[in-house]
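All remarks here apply to the structure that follows.
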Amino acid sequence: MSQTQSYSAETGVVEGSTKRYDVAFIYPPWAVADGRATLQNSLPPLGILSIASYLESLGYSVVVYDIHGEGLDENEVRRRLKRDRPKFIGISVLTSMAIPSHKIAKICKEELPDCAVIAGGAHAEAMPEIMLRNSSIDVIVRGDGEEPMRQIVEGIDFSEIKGLSFRKGRSIQHNKPGELLMDLDQYPFPAYHLVDFKNYFPGTATYRHLPATNMLSTRGCPGACVFCNSAFTTLRTRDPIKVAEQVRHLRENYGIRQVQFYDDTFTVMKKFVLEFCKKMVEMDLGVSWSAYIRGDCFSDQMASAMKQAGCHQVILGIETGNAKIAERIGKPITRERYIEAVEISHRHGIEVRGSFIIGHMGETWATMEDTLNFAMELDCDLFQLSINTPYPGTALYNEAKTEGTLIHQNWYKYGQGQVLIDQPQLSIEDIHRFERLAFRRFYLRPKPIYRLLKRLASFRHIRDYLLAVYILILGQTGKDSKNWDCWMDLNEEDFLDLKLDNQEEILRLTYELRQESFTT
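Our numbering puts the first residue of the sequence shown at 870, with every later residue one more than the last.
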């Protein structure tokens, strides 16, 4: 709010100057805040902050409302909209946020009828026909958001902007995809100054020091996993020196002491990793970090460099211990490569968080047993287990929809803790029963318990472990500290107030949405 403005709680309006923000970005709540969600992280929305920084570099005024991180309710969102009066509003939509996003869009139009509401993110781009039936959403951005948002704010007609889907009369028009920017260093660092780091925290067992945050050094992934939106998307990397400089920026300006790289495959580019680590050693920032790796993209040379540069943990996406299931899900990395990756990590003093999924297509109790046994055989330090979730835009979702095995499309439940695919050979009860059994069998052993106790370094660690035992081992329901009542128990259909000529859902893969060959 400018110095010439004041907000009146009695009248509900901003008094004084008529100055308006150009753009407001809104990050909706993860409205799956039940049980396991209390163990998950809450970190800055990097996609929004990247677009925000780019627009700021062009002279536009930008504000961010992180509903999830700040715990904002409907009244606070309305108050900020009245205060800031943005001309354009961008909403980032992931699947578990989809239904609250519809309500947020409606609130924006109620408070600011003349604003343009733009939706982006993996869910919005995968389901434009559904999202655009909400009259409060004006346009969908597919793929990278920086350039489309610049052109939208500049006032260029939607029909002339690549990568947009929007209503034209009673029909939906899909423009050709935008060109991929291969040089990501043309974009400035994310606009961290637009959020408050006090609102964020890392996931249980992911950090060594606090405060912590997240980063990206790449976009895209060459993998073919059927359950992932990033499958087959073009891999683009940043200059490793600039990535290290971003870590220094976070350390010096925000006091950050822990970074988790959220790249799908941080180690896929060996040269990048080695140059980044060399620069980190030179700067000696005292920042610890973790990263995702693939079993077939890791070596002693990498591990040695990463350890010296401050890496304390790698997250290894193993997914299954059964070879046939691995082939079916598009991740046919051999058991030997995973065993070698864990051995390399331990040899260099890096802990391993093994990430697994149960409930795959064709899964049985026996194949889930293979997964648990393999996790224990690998000697992972930490065991992360999720339930297979068919997100729109993935091959898994398309298969389930085509075969009629998708149980429902209540997006609230798409948080990796619910069974969403009906399989005759494996019941919902069996999957949940095995999940509880797996956590107990893995962690209630002397070695994992010893390792967890050994890595205790703060009261926060103790609190996290007790909470994990309560939820994962004892099977109790956690309670989130935020009050999500205003965002919960909504019905998507209540917001779809338009009847369009081509409104039916079309099954597409995320990478196809971003290719020149994309058609409606």
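Even glycine gets a Cβ: it sits at the ideal position worked out from N, Cα and C.
Candidates the options, of which the one nearest residue i by Cα
i	options	result
asparagine 1267	Arg1002, Pro955, Val1095, Glu945	Val1095
glutamate 1015	Ser970, Leu915, His971, Ala1093	Leu915
glycine 938	Pro897, Asn944, Ile917, Arg949	Pro897
valine 836	Arg1204, Gly1199, Ser1214	Outside the displayed range of the chain (870 to 1389) lies residue 836, so it cannot be described from this structure.
alanine 988	Val1010, Ala995, Ile999	Val1010
serine 919	Thr1087, Ile1041, Ala1174	Thr1087
leucine 1033	Arg1163, Gln1285, Asp1007, Pro1315	Asp1007
leucine 1307	Met1245, Ser1296, Asp1358	Position check: residue 1307 holds alanine in this sequence, whereas leucine was assumed. It is Met1245.
aspartate 1354	Val1112, Asn1242, Tyr1281	Tyr1281
asparagine 1068	Phe1225, Ile958, Leu1079	Leu1079
threonine 1134	Met1018, Leu1119, Gly1186, Val1116	Gly1186
histidine 1062	Gly1262, Pro913, Tyr1131	Pro913
asparagine 1083	Ala1093, Gly1072, Pro1091	Gly1072
glutamine 1384	Asn944, Thr1102, Cys1097	Thr1102
serine 1004	Arg1216, Arg1222, Leu1367	Leu1367
phenylalanine 1035	Phe894, Leu1001, Glu1144, Leu1119	Leu1001
glutamate 1121	Gln1129, Asp1299, Lys1147, Asp1153	Asp1153
serine 1255	Ile1300, Asn1279, Leu1295	Ile1300
threonine 1233	Glu1304, Tyr929, Ser911	Glu1304
glutamine 1253	Gln1294, Ser1168, Tyr1312	Tyr1312
serine 1224	Ala1074, Met1171, Ser1157, Ile1297	Ala1074
glycine 1360	Ala1235, Gln1278, Leu1050, Ser1168	According to the sequence as given, residue 1360 is asparagine; it is not glycine. The option with the nearest alpha carbon to asparagine 1360 is Gln1278.
proline 1261	Phe1130, Gln1177, Thr1240, Ala995	Ala995
glycine 1092	Ile960, Glu1212, Phe1167, Arg1163	Arg1163
Per DSSP, the bridge partner or partners of residue i
i	result
phenylalanine 1295	In the sequence as displayed, the identity of residue 1295 is leucine instead of phenylalanine. Partner(s): Gln1292.
glutamate 1209	Paired residue(s): none; glutamate 1209 is not in a bridge.
isoleucine 1041	Arg1036
phenylalanine 1157	This sequence places serine at residue 1157; phenylalanine is not what is there. DSSP, once it has assigned bridges, lists Gln1127 as partnering serine 1157.
methionine 1084	Phe1130
threonine 1106	Thr1087
valine 1008	Ile987, Phe1035
phenylalanine 1070	Ser911
glutamine 1170	Beta-bridge pairing links glutamine 1170 to no other residue.
glycine 1095	In the sequence as displayed, the identity of residue 1095 is valine instead of glycine. Its beta-bridge partners do not exist; DSSP assigns none.
valine 1183	Ala1160, Val1221
Nearest-angstrom Cβ-Cβ length linking residue i and residue j, presumed shorter than 8 angstroms
i	j	result
glutamate 1220	leucine 1251	7 angstroms
valine 962	valine 931	In fact, because the Cβ distance is near 19 angstroms, the residues do not count as touching under 8 angstroms.
cysteine 984	phenylalanine 957	6 angstroms
glutamate 1144	isoleucine 1194	Not confirmed; about 36 angstroms, so no contact.
valine 946	isoleucine 976	6 angstroms
glutamate 998	isoleucine 1041	6 angstroms
Reduced DSSP secondary structure (H/G/I, E/B, other) of residue i
i	result
aspartate 1054	helix
aspartate 935	strand
arginine 1377	coil
isoleucine 1219	coil
leucine 1369	coil
glutamine 1020	helix
threonine 873	Legend: pLDDT at threonine 873 = 36, less than 50; position of this residue unreliable, no value from coordinates given.
glutamate 1188	strand
glutamine 1384	coil
glycine 916	helix
leucine 1322	helix
alanine 902	Because alanine 902 carries a pLDDT of 47, less than 50, the predicted location of this residue cannot be relied on, and the following value inherits that uncertainty. Three-state DSSP puts alanine 902 in coil, outside helix and strand.
leucine 1359	coil
arginine 889	coil
glutamine 1177	helix
isoleucine 1226	strand
serine 922	helix
valine 1112	helix
isoleucine 1162	strand
leucine 1049	coil
threonine 880	Here the model assigns threonine 880 a pLDDT of 33, short of 50, so the residue's position is not dependable and the matter cannot be decided.
leucine 1275	strand
histidine 1078	coil
Endpoints, the alpha helix (DSSP H) within which residue i is located
i	result
histidine 992	991 to 995
threonine 1240	1234 to 1247
leucine 1143	1139 to 1152
isoleucine 973	967 to 980
leucine 950	943 to 953
Residue i: first and last residue of the uninterrupted beta strand (DSSP E) it sits in
i	result
tyrosine 1262	The amino acid at residue 1262 is misidentified as tyrosine; the sequence shows glycine. Neither: glycine 1262 is in no beta strand (DSSP E) and is coded neither H nor E.
serine 1405	Absent from the model: residue 1405. The displayed extent of the chain is 870 to 1389, so no value can be given.
isoleucine 895	892 to 896
isoleucine 1198	Note, isoleucine 1198: premise wrong, no beta strand (DSSP E); not H, not E.
serine 1255	1251 to 1256
serine 961	957 to 961
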